[in-house]
Amino acid sequence: MNHTGATGYIGGDALATLHAAHPEFSYVALIRSNEKAEQVKARFPNVRVVLGDLDNSALLQRESAAADIVLHTADASDHVGAAKAIAAGLVAGHTKEKPGYWLHTGGTGILTFEDSDKGTFGNKRDKVYDDWEGVEELLNLPDHAFHRNVDKLVLDAAAKHADVLKVALICPPTIYGRGRGPCSQRGRQVYELAKVTLQLQKGPIIGAGQAIWNNVHIHDLSDFYALLVHAAVAGQNDDGIWGPKAYYLTENGEHRWGDLAQSTAEAAAKLGLIPEAKAEPIDLESAKQYAGFESLSWGLNSRGRALRARKLLGWKPSYPSLLEELPQIVQSEWQRLQE
Numbered sequence: 001m002n003h004t005g006a007t008g009y010i011g012g013d014a015l016a017t018l019h020a021a022h023p024e025f026s027y028v029a030l031i032r033s034n035e036k037a038e039q040v041k042a043r044f045p046n047v048r049v050v051l052g053d054l055d056n057s058a059l060l061q062r063e064s065a066a067a068d069i070v071l072h073t074a075d076a077s078d079h080v081g082a083a084k085a086i087a088a089g090l091v092a093g094h095t096k097e098k099p100g101y102w103l104h105t106g107g108t109g110i111l112t113f114e115d116s117d118k119g120t121f122g123n124k125r126d127k128v129y130d131d132w133e134g135v136e137e138l139l140n141l142p143d144h145a146f147h148r149n150v151d152k153l154v155l156d157a158a159a160k161h162a163d164v165l166k167v168a169l170i171c172p173p174t175i176y177g178r179g180r181g182p183c184s185q186r187g188r189q190v191y192e193l194a195k196v197t198l199q200l201q202k203g204p205i206i207g208a209g210q211a212i213w214n215n216v217h218i219h220d221l222s223d224f225y226a227l228l229v230h231a232a233v234a235g236q237n238d239d240g241i242w243g244p245k246a247y248y249l250t251e252n253g254e255h256r257w258g259d260l261a262q263s264t265a266e267a268a269a270k271l272g273l274i275p276e277a278k279a280e281p282i283d284l285e286s287a288k289q290y291a292g293f294e295s296l297s298w299g300l301n302s303r304g305r306a307l308r309a310r311k312l313l314g315w316k317p318s319y320p321s322l323l324e325e326l327p328q329i330v331q332s333e334w335q336r337l338q339e
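Okay, so the sequence shown: first residue is 1 according to UniProt numbering, each after it adds one.
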């Protein structure tokens, strides 16, 4: 099994989950630096480390050709070269009798194009996508949507080489919860929101704060990767699990960004980390100075329903909700700021 992103938040937690369930698997991890490689090997001694990065297409192609399964999480949604190399390698190294499996990670930033096109931030949109009856809509999103260029490469490969290449496109929303990987255990959007709340002593709200986004616990997401891996190992090639329509929105609820900013401030105040539980509007430029690109998402809508994973693979998210996890997130960000 070939793994990109083992040192990251998503990939590290997925590797920890899979390795715990199947220590007997043969794992190969693509890692950029010797330092990170040592961290991975210390935690998982039987993982074979290949030093290299996503720009090394020949290496990616060679390792993908030799792998039964490729789990791609490292900058997967935006790196065109890596997607091309993985597709080419899997096709070259597999046959109809022994297909290659590709678990590709996208992201629900792809659903924010309407807000981005119109330059609107903080307003609610009622549009909710779904990956079952509405999957055609997801397969035909506008070409200029975020991540769409790589999505198209993956889906085109899935259609063109359906017999040899079994593809699942996993599209996570806001991810939260402490990761169990060897290097990065921290999420992004909500963690940056908590950090900025502590820095400003108030929750940051973009626009009217009415924009809505889905969320999922990192452990529930990893459980879904594991379900797909189990299906691959079992040769479970039922229609819809893999292929050009195997688009999975992996959500387990949604949050309104303004409400989340208020809840984050309340959690911080309750922990005694800020003087009072208040959330106030902040302009985009100021927000970007504190949290960079992540802050833009606090004003955007990304709404969908994860039906495919539940219907076809029996995915049953069970970990704590985002609101339940907020105190731990705020506390961990406080500790990071003290370092």
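For each residue, glycine too, the CB sits at the ideal point set by N, CA and C.
It is roughly 42 Å from the alpha-carbon of Ala267 to the alpha-carbon of Tyr101.
Between the segment 34-42 and the segment 181-188 there are three or more C-beta pairs closer than 8 Å, enough to call the two in contact. An exposed status is given to Asp238, since fewer than 16 other beta-carbon atoms sit within 10 Å of its beta-carbon. Of all C-beta pairs linking the segment 184-201 to the segment 128-139, fewer than three are shorter than 8 Å, placing the two stretches out of contact. Under the three-state reduction of DSSP, Ser321 is assigned to coil, being neither helix nor strand. A straight line joining the alpha-carbon of Leu71 with that of Glu276 spans about 44 Å. If you check the CB distance, Leu103 and Gly81 do not come in under 8 Å.
By the criterion of at least three beta-carbon pairs nearer than 8 Å, the segment 26-38 is not in contact with the segment 86-100.
The segment 225-237 and the segment 151-159 do not touch, with fewer than 3 CB-CB distances between them shorter than 8 Å. Among the bridge pairs identified by DSSP, Ser302 is matched with Trp213.
Contact between Ala145 and Ile175 fails: their C-beta atoms lie close to 20 Å from each other, not under 8 Å.
Ala66 and Lys166 have their alpha carbons spaced roughly 15 Å apart.
A contact between stretches requires three or more CB pairs, one per stretch, nearer than 8 Å, and the segment 113-120 fails this requirement with the segment 275-292. Excluding residues up to 5 positions away in sequence, Ile212, Trp213, Asn214, Asn215 and Arg303 lie with their Cβ nearer than 7 Å to the Cβ of Glu254 in the same chain. For Leu307, there is no enclosing alpha helix (DSSP H), as DSSP gives it neither H nor E.
Residue pairing by DSSP puts Thr174 in a beta bridge opposite Asn215.
About 6 Å separates the Cβ atoms of Ala246 and Leu169, confirming a contact at the 8 Å cut-off.
The bridge partners DSSP lists for Asp239 are Trp242.
Annotated as distal: Gly299 and Phe44, with beta-carbon spacing of 8 Å or more. Per DSSP, the beta bridge partners of Glu254 are Asn214. When beta bridges are read from the DSSP output, Ile205 appears opposite Pro281.
Secondary structure of Arg180 (DSSP, three-state): coil. The C-beta of Ala16 has 16 or more other C-beta atoms within 10 Å across all chains shown, which makes the residue buried. Here Arg48 has Ser26, Tyr27, Val28 and Ala29 as same chain residues with Cβ atoms under 8 Å from its own Cβ, once five neighbours each way along the sequence are excluded. Contact between Leu90 and Leu198 is ruled out by a C-beta separation of about 44 Å, above the 8 Å threshold. Inclusion of Ala226 and Ala21 in the CB contact set at 8 Å is warranted, their separation being smaller than that value. Beta-bridge pairing by DSSP links Asn2 to Val28 and Val70. Between Ala231 and Leu313, the C-beta spacing is below 8 Å.
Taking all protein chains shown into account, Leu271 has fewer than 16 neighbouring C-beta atoms within 10 Å of its C-beta and is therefore exposed. Distances from the alpha-carbon of His219 to those of Thr4, Gly5 and Gly12 put Gly12 closest. When rounded, the separation of the alpha-carbon atoms in Asn149 and Lys278 is 40 Å. The criterion of a C-beta distance shorter than 8 Å is not satisfied by Thr264 and Leu322.
Less than 8 Å separates the beta-carbon of Thr73 from that of Gly5.
Ranked by how close their Cα comes to the Cα of Glu333, the residues Pro173, Leu249, Arg186 and Leu221 have Arg186 in first place.
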